[in-house]
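First up is the structure itself, then whatever we jot down about it.
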């Protein structure tokens, strides 16, 4: 009985969410009546009723039906005649000597609001997770492009850390060469193969003169697939990889 009553309550919540003014429909009243009837039904393990007292059972059932009917009418008044409903509520609470009454409709509405809030929070968490995963994949893709000699394996994070270590080692080895040859590089517009490999790995950038020469060289080697502006937007590392790849093929 408890499972069936919980199912009816869940159905009522979903229908109120999907159907506007569902509380004014006959189906809503039928669900309320069925829910209340299940609430008043005896437990499955309760002892059987005393057959010697049919009159008392009939009185109890009649009282429950009357109470349910008044409850349904009062709920309708809450939406159709709010002032009258408030006046009746005050008299009922005064007769019961209490200040608040728990209405099942209010409980259902609160449950609906809680469910909607949880769903909204879940959607926000899922969006944050997708954004984080996209950033992670972008970073891993950049590392894979910078260090292609290390193949992807089962542990993506482990491979990414190994690629970072490889870039650090390449930068440390190339640092003295770059420092000593800085003046010479400024004087020449054509970078050496070592410098081209370093720039392709993201270790440093072209000088202004080198970039101008490399943009033209990359346009020719790529068969004029890119405009100068597109090459500049791709970055020095991409330009260096185009030139280095074309040189290897030749």
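Numbering (the working numbering), first residue to last: 1 to 250. Built from N, CA and C at the ideal position, the CB exists for glycine as well. Source: prediction; values computed, not measured.
By the Cβ test, the region 21-41 is in contact with the region 67-77, since at least three Cβ pairs between them sit closer than 8 Å. For residue 79, the secondary structure class from DSSP, reduced to helix, strand or coil, is helix. Around the beta carbon of residue 161, fewer than 16 other beta carbons lie within 10 angstroms, which makes this residue exposed. Counting along the chain, the unbroken alpha helix (DSSP H) around residue 248 starts and ends at 236-249. Where residue 220 is concerned, the enclosing alpha helix (DSSP H) starts and stops at 208-221. By the neighbour-count definition (other C-beta atoms within 10 Å, threshold 16), residue 198 is a buried residue. In this structure residue 33 is in contact with residue 68, their Cβ atoms being roughly 6 Å apart against a cut-off of 8 Å. In the structure shown, residue 18 falls within a helical segment according to DSSP collapsed to helix, strand and coil. Scanning 196, 210, 173 and 136 for the CA closest to the CA of residue 189 turns up 210.
A direct Cα-to-Cα measurement between residue 19 and residue 233 gives close to 53 Å. Counting along the chain, residue 36 sits inside the alpha helix (DSSP H) bounded by residues 26-40. Secondary structure at residue 227: coil, using DSSP grouped into helix, strand and coil. The three-state reading of DSSP puts residue 137 in helix, counting H, G and I together. Going by beta carbons, residue 217 and residue 243 fall inside the 9 Å limit. Below 8 Å, too few C-beta pairs join the region 122-135 and the region 150-157 to call them touching: fewer than three. Rounded to the nearest angstrom, the gap between the Cα atoms of residue 15 and residue 91 is 32 Å. Counting of Cβ neighbours within 10 angstroms places residue 35 among the buried residues, the total reaching 16 or more.
Under the 10 Å beta carbon count, residue 157 is surrounded by fewer than 16 other beta carbons and is classified as exposed. A Cβ-Cβ separation of about 16 Å leaves residue 202 out of contact with residue 231 under the 8 Å criterion.
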